[in-house]
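In what follows, a single structure is set out as structure tokens and then discussed.
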Amino acid sequence: MPTPSMEDHIEIIYSLIEQKGYARVSDIAEALSVLPSSVTKMVQKLDKDGYLIYERYRGLVLTPQGQKLGKRLVKRHDLLEQFLRLIGVEEERIYNDVEGIEHHLSWNSINRIADLVQVLEENPQLIEKLEKLKNEEKNS
Ligand code: CO
1 MPTPSMEDHI EIIYSLIEQK GYARVSDIAE ALSVLPSSVT KMVQKLDKDG
51 YLIYERYRGL VLTPQGQKLG KRLVKRHDLL EQFLRLIGVE EERIYNDVEG
101 IEHHLSWNSI NRIADLVQVL EENPQLIEKL EKLKNEEKNS
């Protein structure tokens, strides 16, 4: 099982490669607000564990195992953002809240939240009800 920090690295590497076609240690470090030296260490561990192939001067490539996990982690992140947005969490809190909870939920919980998101999307009156409750809370 990858640790939360391993998951963070694989998640960001996967999105960087999706967006730019490559992932550099400096970009990963910046995205995660950590030192490049600690990214290098982690990348070496992920290489050893079979998630990616790291060559100092040629950059890094995810293995099929790393790609599969990366895709799953990015999907999980997006789902949780969607969930918090649907229930009315303030936009500026969403990203950090997701970063805080994503590693600590089981896939069982993630799948149940995915179902809930689907139910909410299919029933806009439930979202209106949530919005109403939120506004009542604000005005009390
Ligand atoms: Co995330």
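Per this note's numbering, the sequence shown starts with residue 1, numbered consecutively.
Beta carbons: idealized from backbone N, C-alpha and C, even for Gly.
Could you tell me which residues DSSP pairs with residue i in its beta bridges?
{"i": "V61", "result": "I53"}
Under the three-state reduction of DSSP, which class applies to residue i: helix, strand or coil?
{"i": "A31", "result": "helix"}
{"i": "N123", "result": "coil"}
{"i": "P4", "result": "helix"}
{"i": "V89", "result": "coil"}
{"i": "A23", "result": "coil"}
{"i": "L105", "result": "coil"}
{"i": "S38", "result": "helix"}
{"i": "S15", "result": "helix"}
Could you compute how far the alpha carbon of residue i sits from the alpha carbon of residue j?
{"i": "E102", "j": "E122", "result": "24 angstroms"}
{"i": "Q65", "j": "S140", "result": "51 angstroms"}
{"i": "Q118", "j": "R93", "result": "22 angstroms"}
{"i": "Y54", "j": "V25", "result": "10 angstroms"}
{"i": "N135", "j": "L126", "result": "14 angstroms"}
{"i": "R72", "j": "D97", "result": "18 angstroms"}
(message) So if I measure from each beta-carbon to every heavy atom of the ligand CO and keep distances below 6 angstroms, which residues remain?
(response) E11, H77, V98, E99, E102
(message) Would the stretch 2-17 count as touching the stretch 27-45 if we require 3 or more Cβ pairs under 8 angstroms?
(response) yes
(request) Flag this pair as touching only if the stretch 108-117 and the stretch 79-92 have three or more C-beta atom pairs under 8 angstroms; answer yes or no. (result) yes
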